[in-house]
Amino acid sequence: MKRALITGITGQDGAYLAKFLLDKGYEVFGTYRRLSTPNFWRLQYLGIFEQIELLPVDLIDSFSIIESLKLAKPDEIYNLAAMSFVGASFEQPIASAEITGIGVVKFLEAIRNIAPDVKFYQASTSEMFGDNSFSQQSEKTPFEPSSPYAAAKLYAHNMVKIYRKGYGLFACNGILFNHESPLRGLEFVTRKITNGVAKISLGLDDSIELGNIDARRDWGYAPEYVEAMWLMMQQEAPDDYVIATNETHAIQEFIETAFDIVGLDWKKHIRIDERFMRPVDVNYLKGDYKKSLTKLGWRPKTRFKALAEIMVNSDLERWRRWGRGEHFPWDAWNYPNERKILSRKVKLDR
Ligand code: NAP
Ligand code: F7E
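So in the numbering used here, spot 40 of the sequence shown is number 44, and the numbers just go up one at a time.
Given below as C-alpha cells:
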C-alpha cells in the first residue's frame, strides 16, 4: 500500500486530495497546525476524518517537518500548506515569505537529507504570472509576481527546480489556476459570492460587499485539479505543469451567473467597498493546459456555469439545513459575520 503525506490537509485541496488518494487505496497522513479551535470540518464533510493519520506540523518549524517524514515514511509528499489568501499576504508579508516560501525549502532540505527517494509535489500558482500582458499563460510564460504571496510562491517554485536539477529529487511544480468548490474558504471571491447569493435569496441578508470586480480569472473545479497533482507524481520524470480551463471570466460575470441561478438582479445587491481592493491586483489570467493534456492526459470537465451552480446550490442547501435546525460540518460557524445571522432564530419556508 502506498503512503502519502499531505501538508495542509485541513484546506480545500488537502481534503479533496485525501479523499482521492484514499479511494485509490493509499494510506494517508495529513499535517495540521495546533489551533485553539480545531478545524477539521472539510474532512468531516467528506466523511474521511477517521481514515486520516494526523501529524502536527507547522511550516515555520523544521523539526516538526523532519518528524513528520520519519513518522509517515511517505512515498509521495503533497505540499499544499501555505498562507493561501492573497489579500492577507499584503497584511503579513513576512509570515508569507517564511511559511509559503522558506517553509518549502525546509521540506526540500529534510527530503534531501533523510528521504531522497520520496516524490515531492509543490502547490505552485497562476498568481506567479501576476499582472502579465500575455493572452494566455503556459509553463513558458515569464513570471511577474504582484503580491507577497506570489513572490513567496515563486521563490518556492524556483527552489523546487533547483533541488530537482541539483540533487536529482523527484520534485514537481503544479502551476494551478484558481479552482473552487463548496469547500473553498469563505473569504475567497467565488464562495463569498455564492454564500451571499444563498443568504440573499433566502431573505437572510441584503448585500455583498466586494472590491475589484473587473479582474478576470480562469476558474476550475477543485476535485478535478487534485487528480492532476497525482498524475504529475506518477510520471517517469518530474516536471512542471499548468492546470487550468483555458477560459477567462470577470468577477462580475461570476456575480451575474450566481444571481441568475436564483432569479435575482445582481445590481440591487452588490456594493463596491474599498476595503476589499488590493494594493496591486492580478487583472487577467487564462491558462494554457496543452502540456498537461498531452503528457498527463488531463483535461478540465466542469466549466464556469456548472461550477457556479454547484457552489450556489451547495450554499443554499447549507442555509436551508441550518433553517431546519440541523447541525453539520460547515465553516460558517467560525466567521463572526455569519454567526450574527446564525444566532437568529429563523424558520425558512423557501
Ligand atoms: P487553503 O484552503 O487555504 O488551505 C491551506 C492549508 O495550509 C490549510 O490546511 C492551512 O492550515 C495550511 N497552513 C497554513 N499555514 C500553515 C503553516 N504555517 N503550517 C502548516 N500549515 C499551514 O488553500 P487551498 O485552496 O486548499 O490551496 C492549497 C495550496 O494550493 C496552497 O498552497 C495554495 O497556495 C495553493 N494554490 C491554491 C489555488 C486555488 O485556487 N485554490 C491555486 C493555486 C495554488 P489551517 O487550516 O490550519 O489554516
Ligand atoms: O480573488 C477579486 C480579487 O481571493 C480573486 C488563491 O487560491 O487563487 C486564489 O487567489 C479576484 C481578485 O483569489 C473581492 O481582487 C474582488 O482579483 O478569490 P480570490 P486569488 O487572489 O485569485 C490563486 C490561484 C491562488 O494561488 C491563491 O492561493 O477577486 N475580488 N472583490 C475579491 N477577492 C476577495 N477575496 N474578496 C472580495 O471581496
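Glycine included, C-beta positions come from ideal geometry on N, C-alpha and C.
Computed from a predicted model, the values in this text were never measured in an experiment.
Top-ranked residue by Cα proximity to residue i, from the options
i           : options            : result
residue 24  : 47, 162, 167       : 47
residue 178 : 189, 165, 184, 170 : 165
residue 58  : 66, 50, 31         : 31
residue 331 : 341, 317, 346      : 346
residue 103 : 121, 72, 61        : 61
residue 289 : 329, 221, 270, 6   : 221
residue 66  : 90, 42, 114        : 114
residue 18  : 152, 146, 185      : 185
residue 111 : 128, 70, 92        : 70
residue 39  : 129, 247, 14, 198  : 14
residue 302 : 246, 91, 265, 277  : 246
residue 311 : 223, 237, 170      : 223
residue 12  : 108, 91, 51, 239   : 108
residue 106 : 157, 145, 236      : 157
residue 339 : 260, 191, 85       : 191
residue 182 : 279, 277, 249      : 249
residue 54  : 41, 68, 22         : 22
residue 201 : 217, 92, 218, 260  : 260
residue 130 : 244, 314, 308      : 244
residue 239 : 319, 251, 298      : 298
residue 320 : 282, 207, 101      : 207
residue 278 : 147, 217, 26       : 217
The ligand ADP heavy atom lying under 7 Å from the CB of residue i
i           : result
residue 191 : As for the ligand ADP, it is missing from this structure, which binds only the ligand NAP and the ligand F7E.
Cβ-Cβ separation, residue j to residue i (assumed contact under 8 Å), whole Å
i           : j           : result
residue 175 : residue 242 : 5 Å
residue 150 : residue 284 : 4 Å
residue 255 : residue 193 : 6 Å
residue 20  : residue 187 : 7 Å
residue 118 : residue 73  : 6 Å
residue 33  : residue 9   : 5 Å
residue 219 : residue 286 : 7 Å
Cβ-heavy atom distance, residue i to the ligand NAP, below 7 Å
i           : result
residue 127 : yes
residue 15  : yes
residue 347 : no
residue 37  : yes
residue 236 : no
residue 11  : yes
residue 88  : yes
residue 202 : no
Distance cut-off 7 Å: residue i Cβ against heavy atoms of the ligand F7E
i           : result
residue 219 : yes
residue 376 : No answer is possible for residue 376: it lies beyond the span of the chain, which begins at 5 and ends at 354.
residue 103 : no
residue 290 : no
residue 308 : no
residue 158 : no
residue 255 : yes
residue 61  : no
residue 136 : no
Within-8 Å CB hit, residue i to chain D
i           : result
residue 277 : In the structure shown, chain D does not exist; there is a single protein chain.
Count Cβ pairs between the stretch 154-163 and the stretch 226-235 that sit closer than 8 Å; are there 3 or more? no
Tell me, please, whether the stretch 203-212 touches the stretch 88-100 by the rule of three or more beta-carbon pairs shorter than 8 Å. no
I'd like the ranges of any alpha helix (DSSP H) spanning at least 4 consecutive residues and lying wholly in the stretch 22-108. 45-49, 66-76, 90-95, 97-100
Contact between the stretch 129-144 and the stretch 286-300 (3+ Cβ pairs under 8 Å): yes
Runs of 3 residues minimum, wholly inside the stretch 149-215: which ones carry the beta strand (DSSP E) assignment? 175-180, 212-214
For the stretch 238-287, list the alpha helix (DSSP H) runs that are entirely contained and at least 4 residues long, ordered along the chain. 255-265
Whole runs of the beta strand (DSSP E) within the stretch 107-149, excluding any shorter than 3 residues: 123-129
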